[in-house]
Amino acid sequence: MAADVQTAAAAEVPPRGDGGQAARRIFFATGALLFAAAAWLTIARSNGMSMAGMPMPGGWTMSMAWMRMPGQNWLAATATFLGMWSPMMVAMMLPSLLPTLWRFHQAVGHAGGMRQAGLVARVAIAYFLVWSALGLVIFPAGAALAAMLMHWPALSRAAPAAATVIVLAAATLQFTPWKARRLASCCGMPKNLAADTASAWRHGLRLGARCVHCCAGLAAAQLSIGVMDLGVMAVVAAIITAERLSLPGKGPARFSTGPHHTSRSRTDQASGS
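So, in structure tokens, the structure goes:
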């Protein structure tokens with residue numbers, strides 16, 4: 001009887017072959033290229049902003065990202081900020097997003113070929129649209145605060161202490177049950193996921209909103225220290241990636257295996273019974 005169960009279970013398992021491994025290599029190689037391009041743009045624009053930083057009362061330097069350049073109107077200044085913010089978000093969030101995108105890629109594998117790739121691309125675009133929308137909210141608030149800091153030296157002198165408080169609060173938030181719940185929700189995969197365009201857009205937008213909530217403390221800490229500080233970006237991105245990959249079932253061991261791994265596990269269970 002056990003032999004019959006083994007034979008039946010084995011018949012359900014398709015040969016592994018190299019197709020799945022090749023698809024995984026192409027997927028993560030594409031992600032690495034996108035990350036490299038976004039990181040290059042971020043570094044180039046960050047260096048330009050850093051060179052033009054404004055010394056402020058209190059011994060700190062304010063990024064010119066919050067300023068209008070000569071001859072710019074506010075619409076152009078917002079577009080300039082988004083041109084800096086969006087590549088930065090891709091560079092910071094893509095390493096932690098790739099495993100989630102790969103799980104989506106596997107979940108819609110029955111779509112096949114270019115349609116499968118298109119659905120994954122829609123999820124990623126929707127995800128980063130949420131982060132870009134956050135930039136649209138942050139820029140006017142940051143520009144207004146920058147104007148206040150330039151007009152009131154006493155407020156500027158208090159800025160370093162305020163930044164310290166924000167960083168400590170963000171660090172404390174990292175160890176709260178609220179953070180644990182947000183972290184679990186932003187890495188989840190919905191059940192009964194449909195392989196269609198509308199579902200891909202919805203999944204990407206939902207995933208982006210959840211990740212914005214999850215990263216609220218870290219984002220506030222980065223903004224308070226320096227929005228274009230490369231060192232701060234690297235530390236925050238490393239924390240975000242590490243906390244997601246450390247979740248049970250979300251790390252390299254999880255996304256390096258495909259559906260065949262699940263089928264083989266079921267075969268082992270059947271054999272044991």
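Once you know that position 122 of the sequence shown is 122 in the UniProt record's numbering, the rest is easy, because the numbers rise by one and skip nothing. No residue lacks a Cβ here, since even glycine has one placed at the ideal position from N, Cα and C.
Do the segment 139-146 and the segment 111-125 meet, that is, are 3 or more Cβ pairs less than 8 Å apart? no
Taking the straight line between their C-alpha atoms, what separation do you get for S199 and L193? One-based indexing of the sequence shown puts residue 199 at position 199. One-based indexing of the sequence shown puts residue 193 at position 193. Roughly 7 Å between the two C-alpha positions.
Can you list, in chain order, the stretches of the alpha helix (DSSP H) that have 4 or more residues and sit fully within the segment 14-93? 19-51
Under the three-state reduction of DSSP, which class applies to L98: helix, strand or coil? Position 98 of the sequence shown, counting from 1, holds the residue named residue 98. Reduced to three states, the DSSP call for L98 is helix.
By how many angstroms is the C-alpha of M56 removed from the C-alpha of L205? The count along the sequence shown starts at 1 and reaches residue 205 at position 205. The count along the sequence shown starts at 1 and reaches residue 56 at position 56. For L205 and M56, the distance between alpha carbons rounds to 38 Å.
Assuming F128 and V90 form a contact by the criterion Cβ under 8 Å, report the distance between their Cβ atoms to the nearest whole angstrom. What you label residue 128 is simply residue 128 of the sequence shown in a count that begins at 1. What you label residue 90 is simply residue 90 of the sequence shown in a count that begins at 1. Yes, they are in contact, since the Cβ atoms of F128 and V90 sit about 6 Å apart, within 8 Å.
Counting only beta-carbon separations shorter than 8 Å, does A171 have a partner in chain B? Of the chains in the structure shown, none is chain B; there is only one protein chain.
According to the neighbour-count rule (16 or more other Cβ atoms, all chains shown, within 10 Å of its Cβ), is F81 buried or exposed? As a first step, residue 81 must be located in the sequence shown, where it is residue number 81. Flag for F81 reads buried.
From S224, S86, L94, L168, residue whose alpha carbon lies closest to that of F27: Taking the sequence shown and counting its residues from 1, one reaches residue 27 at position 27. Measuring from the Cα of F27, the nearest candidate turns out to be L94.
Go ahead and label Q106 buried or exposed: buried means 16 or more other beta carbons lie within 10 angstroms of its beta carbon, across all protein chains shown. Residue numbering aside, residue 106 sits at position 106 when the sequence shown is read from its first letter. So Q106 ends up on the buried side.
By Cβ distance, which residues of its chain are closer than 7 Å to L218, with the 5 residues on each side in sequence left out? One-based indexing of the sequence shown puts residue 218 at position 218. For L218, where only same-chain residues beyond five positions count, the Cβ hits under 7 Å are A170, V236, I239, I240.
Span of the alpha helix (DSSP H) holding A219? For the purposes of this step, residue 219 is taken as the residue at position 219 of the sequence shown. Looking at the DSSP string, the run of the alpha helix (DSSP H) that includes A219 is 216-225.
Using a Cβ-Cβ cutoff of less than 6 Å, which residues in the same chain neighbour C214 once the five nearest sequence positions on both sides are dropped? The residue labelled residue 214 in the question sits at position 214 within the sequence shown. Around C214: R182, L183, C186.
Where do the N-terminal and C-terminal ends of the alpha helix (DSSP H) with L149 fall, by residue? Against the sequence shown, residue 149 aligns to sequence position 149. Start and end: 113-151.
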